[in-house]
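Numbering (full-length UniProt numbering), first residue to last: 1 to 1178.
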């Protein structure tokens, strides 16, 4: 066993590695379909680009069909809003985690990409963002929050500015009821002709016309209901607001006393849903458009998702199946035009996007060239067809156009930005999707844009249980169903399970859930015919079997009309009507094989009769018992016992392990022997293989071994080496393979009359009983047998009949190659036993070399349940590469993988979009596009200044940082103390006399608790020397005031210091309050230290005065944000007392005035209490 594993894990030679690089290359190329879970929408009117953001942080840019770019956020977050910077190729996203991101379209290594270049996280600084607005200038982004304030983001630097539009300032002139709590900012709308003016709408219905230049509110509008959105008229003389009661109101920009028009709900008078968004668009020489979402009556249509379009007498309610995310209009006019003149309405819903032509008479939708909703009905199966003939392609295109004639507008696709650089495909490829509602849709998979071509509805030929849908006679509101998304299926039995298309014979086979198999042929003309179902009973020999499932579908009676295209010719109905699990048909033979959970049948659709049927129901299979079945049920006792046995046997049989014979694993008369492969490694199997314990235990559902998993029709050697036979191969869920030989008429002319016979030739039972998921026969050269009519049409070479044919049996756990006709084992590869993975899909792929187009290699691609894809050479089963493609948790994605014959593949990345990837180094299809930005569209990057200036800016920034604010306050107070020292030294040497106009009583009076008395005290006692100290204190205090002036007004003069500080307390945020408080505490400590050092320099006469200053200062410094200003006043007062003493006032007189000292202590405290009271009020 170990030798076998070493043989499969061989090292590739250098030549082989070089060849692999020329053949194989894995990459995920592009996505097709509609973005999953969209949440935001944006439009660039200059570049004609559309952006869609999703809830998982993905942003996609769409332009002309084929122009698609994708970008992701560094951290996954829901995109709430998107804003294009028009003409710049730049995009701003706002996410639900209070972060803003700047994306740019840039060219890197010759490829255009959408990348995130800047981000700004606002967590901790702002409250939740409720709405944003990008003005026409594009310099700032206005950010509204639930706290009512509006912040500004500098787009160029992508940093928050100091300018804030406070709610308290905006609502100064509003009624008292709204002053209390107007609510969060709900809408911000820029004036169409004056960019300095904006309408700010608050949640409770208050709206304010704000002039951002004069920082003043011009008009105030009071709505009676909760506000939802605001939209300006192009003239700028009026605007419209929508509310949560289903009304919209028109307001005049000059008269705010009352609405210009009375608010009336369009679908009242009964309670209605909120109008979440409204647009008002003007038209030159015509009626204005009013477009809004919602507003439906709650009782009758609360579950509907609508967008209403009104223009004069025309009124339509566009009814969507999924929730409306956002919408906008594309207009002919630009920002400077007098009228909007909208021509297209774009509506983004959760499951689709719809474009409405507003210039057509009936407001018809556009046909989507891409961005199609692939899951309009849930996708149940997928098939890919390569190299479709041109005549078939043209017929499909023509038939598809006739199907949609008159349903869509004839105008060109309006989203045409960018340029698609991918050349038109030289071959046509089709992607077919089967859906839950019984439809089959054809998609153009030749290029990047996956466009819808044609649809087949199998439900039209059956009678549904629900019958015909009732006709809605309701005339009001005037609903109109738009969009293609329709997840509701009338009958689950209609779901399509298997699709097969033969492009050379132009035939199609569709199999469904209720055992119905429909055979289609392509017709160029309209046909009227009556259909008939041919029943085939699979369990006819099991009398005891009772079917307890659903009934079969009933065909419609009478003649049915069919448009040109694929027309049903024959209908085969399997009994019991279980879901079809496998299908195969050979158009050269005219035979069709189909299997269910009960067995399989072969049907001759030329003679329209059954050839044979085989029931696979078996009591042993149902009970999951057998002589050689490998047990997958884990028992603790048994596992422990076997572990010890393995350990003992492993020690004694290490030298004999390579000599252990291989066990027989088939029921064929030919025995399996040990076969040497090209790698030189034998395939011995040891009874006690520790590695095989990694096989996973199967669930109870796997015991349903009768289910047919694969069917295969091919011509090969099954009886002897000389005679080729028509064969049918069938593999079941229990590891059984049935080989039937088919007898065909020798003359083709007798094909319609001579019967076809079928008999069992051989039967193989795999030892491990794993489900057989694929069977493929290789010719003598190791190439897969060609498809029907491929040799006749020179699309493939004739099979090599000189060497032995081999058949590859692919089960969920291993691959095994047998030599035909003897069925001797050639080689095998055990996947589950060695890696624990299960095989889910297998496909034969032809890889072409990138250096030599004439050189190619046929390989087998294998997809496992771990999401890995491995590439094996055939028939020797050497693994060349393994790639992690899909997450193992994505079960739907793994089950939906479909391979192409040239090395590409598709899988459902989400329910509504395919992810395309390639395994081939030659066949690569990815988006290649370009966006031509106008010259000078983006602002130039900031010019780097010399190092000295850079250092100076860094120092200034450091000084302005919050960490430096306490230091600046300390420096200011220290400067004031030094000035006091110098003044005291001057007064000691001077012999000036005391001022007779100042008395102690006056000093008592000046220290009053009012602000005015403090001002008078300062102005009356200022001497020439004190004035000098005050000027120095003013210059020093400016450093402290710079911090406060970020959120308050600048202090103009010393007399207004206290009053300005009082206003600063009201306007300052909580962070500024904490900063100033910390600065005050630091200033207190510095001031005390400086005062103590100055004590020794003064005489005994001054000591008492200094103690008074210190005691007064201690109370002043315990204040709030006005503490710094009060400290200056105390310093001035202390200097006056000192000057009085030096002018002749005796120490005795000062010490005998305790009342004066008391008043000095009380006055500043009273002032601080006043400030504290005002602060609490603010």
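Virtual Cβ for every residue (Gly too), placed ideally from N, Cα, C.
These numbers come from a predicted model, not from an experiment.
Can you find the residues in the same chain that come closer than 6 Å, C-beta to C-beta, to residue 60, ignoring five residues on each side of it along the sequence? 35, 52, 70
Rounded distance between the beta-carbons of residue 431 and residue 509, thought under 8 Å: Not really, about 17 Å apart at Cβ, beyond 8 Å.
Please look up how many angstroms separate the CB atoms of residue 89 and residue 105, rounded, as I've assumed it's under 8 Å. 4 Å
Could you give the residue range of the beta strand (DSSP E) that holds residue 221? 216–222
Mapping the DSSP letters down to three states, classify residue 911 as helix, strand or coil. coil
Roughly how many whole angstroms lie between the Cα atoms of residue 15 and residue 869? 23 Å
Kindly list the residues whose CB is nearer than 7 Å to the CB of residue 128, restricted to its own chain and excluding five residues on each side of it in sequence; keep chain order. 98, 145, 146
Counting beta carbon pairs with one atom in the region 253–264 and one in the region 210–229, are three or more of them shorter than 8 Å? yes
Is it buried or exposed for residue 231, if we count other Cβ within 10 angstroms and need 16 for buried? buried
For residue 488, count neighbouring C-beta atoms within 10 Å of its own C-beta (all shown protein chains included) and say buried if the count is 16 or more, exposed if not. exposed
Quick check on this structure: which residue in 808, 286, 804, 784 has the alpha carbon closest to the alpha carbon of residue 797? 784
Nearest-angstrom Cα separation, counted from residue 64 out to residue 323: 26 Å
With which residues is residue 462 paired in a DSSP beta bridge? 555
Helix, strand or coil, according to DSSP, for residue 772 in the structure here? strand
Determine the burial state of residue 709: buried for a count of at least 16 other Cβ atoms within 10 Å of its Cβ, exposed for fewer. buried
Would you list the residues sitting across from residue 352 in a DSSP beta bridge? In the DSSP output, where bridge partners are listed per residue, residue 352 has none listed.
Of all the options 839, 185, 822, which has the alpha carbon lying nearest to the alpha carbon of residue 830? 839
Pick helix, strand or coil for residue 451, following the three-state DSSP scheme. strand
The beta strand (DSSP E) that contains residue 761, what's its start and end? 757–765
DSSP beta-bridge partners for residue 143? 132, 151
Chain-order list of residues whose beta-carbon lies under 6 Å from that of residue 481 (same chain, five-residue window excluded): 319
Residue from 155, 73, 81 whose Cα sits closest to the Cα of residue 115: 73
Rounded to whole angstroms, what's the CA-CA distance from residue 734 to residue 767? Just pull it up for me. 10 Å
Span of the alpha helix (DSSP H), counted from its first residue to its last, around residue 15: 14–23
Suppose contacts are defined by Cβ-Cβ distances below 8 Å. Is residue 30 in contact with residue 938 by that definition? no
Between the CA atoms of residue 819 and residue 554 - distance to the nearest angstrom: 46 Å
According to DSSP, is residue 72 part of a helix, a strand, or is it coil? strand
Indicate whether the contact test is met: 3 or more Cβ pairs, each with one atom in the region 771–786 and one in the region 563–574, closer than 8 Å. no
Buried or exposed: where does residue 759 fall if 16 or more other Cβ atoms within 10 Å of its Cβ makes it buried? exposed
Taking residue 893 as part of the alpha helix (DSSP H), name the residues at either end of that continuous run. 891–895
For my contact list, residue 524 and residue 395 are in at a C-beta cut-off of 8 Å; report their separation, rounded to the angstrom. 7 Å
Would you identify the three-state DSSP class for residue 503, choosing helix, strand or coil? coil
What does DSSP give as the partner residues of residue 33 in its beta bridges? 913
Which runs of the beta strand (DSSP E) at least 3 residues long sit entirely within the UniProt domain "Lethal giant larvae homologue 2" (266–363)? Give them in chain order. 275–281, 289–294, 305–311, 314–320, 324–331, 342–349, 353–357
Going by DSSP, name the residue or residues bridged to residue 595. 582, 600
Supposed close pair residue 568, residue 520 - CB separation, criterion 8 Å: 6 Å
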